[in-house]
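The structure under discussion appears below in the form of structure tokens.
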Amino acid sequence: VDGVSFVPLLRGESQTGRERVFTQIDRKAGGDFVPMRCVQDERFGYIFNPWADGKFRYRNNNEGLSMRAMESAAATDPTIAERVRLFRFRDLEEFYDLRNDPDSLHNLVDDPNYAEELQQYRDTLAAWMKQTEDPALTAFASRESPTAIAEYLRRERASGQKPKK
Numbered sequence: 269v270d271g272v273s274f275v276p277l278l279r280g281e282s283q284t285g286r287e288r289v290f291t292q293i294d295r296k297a298g299g300d301f302v303p304m305r306c307v308q309d310e311r312f313g314y315i316f317n318p319w320a321d322g323k324f325r326y327r328n329n330n331e332g333l334s335m336r337a338m339e340s341a342a343a344t345d346p347t348i349a350e351r352v353r354l355f356r357f358r359d360l361e362e363f364y365d366l367r368n369d370p371d372s373l374h375n376l377v378d379d380p381n382y383a384e385e386l387q388q389y390r391d392t393l394a395a396w397m398k399q400t401e402d403p404a405l406t407a408f409a410s411r412e413s414p415t416a417i418a419e420y421l422r423r424e425r426a427s428g429q430k431p432k433k
């Protein structure tokens with residue numbers, strides 16, 4: 269696992285490089301290939317979900333009663349219905365203002381007022397993906413092309429293995 273010790277923080281010392289967090293998911297515990305990449309700091313969170321094509325239905329291995337209750341409530345509550353839709357299908361890109369929307373309920377990816385910040389986070393994620401030799405970088409760089417993303421997913425799902433660096 270790549271990383272840097274956070275022991276200095278436990279000692280009350282400051283440490284550079286803790287301004288943001290990068291998250292990478294490739295496969296769920298059950299083996300489904302559902303790649304997600306995220307960069308987040310105290311203000312914004314940006315998520316790239318190349319698997320989110322509007323058709324593939326995400327299911328977490330530990331959903332239990334809470335998700336069933338949400339799905340039931342979604343039948344009569346449009347707000348909950350939208351949240352269930354997001355959990356099940358996600359969006360290709362998500363961008364949240366965590367200061368003004370700490371529950372990440374309002375995806376700002378299409379909001380022109382956040383276009384500059386969104387591009388900064390895209391650039392930050394792309395640089396990290398390049399630095400870590402992330403195989404999903406090709407899908408990220410081609411995120412405007414459903415065909416390119418579908419080819420990346422087909423190739424990785426066919427391999428049946430965790431993507432290699």
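Position in the sequence shown counted from 1, then plus 268, gives you our numbering. For every residue, glycine included, the Cβ atom is placed at its ideal position computed from N, Cα and C.
Counting of Cβ neighbours within 10 angstroms places residue 402 among the buried residues, the total reaching 16 or more. In the DSSP assignment, residue 420 falls within the unbroken alpha helix (DSSP H) covering 414-427. Beta-bridge annotation (DSSP): residue 316 is paired with 305 and 361. In this structure, residue 357 lies near residue 325, with their beta-carbon atoms less than 9 Å apart.
Residue 316 places its beta carbon 9 Å or farther from that of residue 376. Between residue 288 and residue 307, the C-beta spacing is below 9 Å. The beta carbon of residue 348 is closer than 8 Å to those of 338, 341 and 342 in its chain, skipping five residues each way along the sequence.
In its chain, beyond the 5 residues on either side, 406, 407 and 410 have a beta carbon closer than 8 Å to the beta carbon of residue 416. In this structure, the CA atom of residue 313 is about 23 Å from the CA atom of residue 331.
Here the C-alpha atom of residue 400 lies approximately 12 Å from the C-alpha atom of residue 392.
Residue range 289-295 is occupied by the beta strand (DSSP E) that includes residue 294, with no alpha helix (DSSP H) assigned at that position. Here residue 410 carries a coil assignment [DSSP, helix/strand/coil].
Shown here, residue 388 sits in a helix according to DSSP, grouped into three states.
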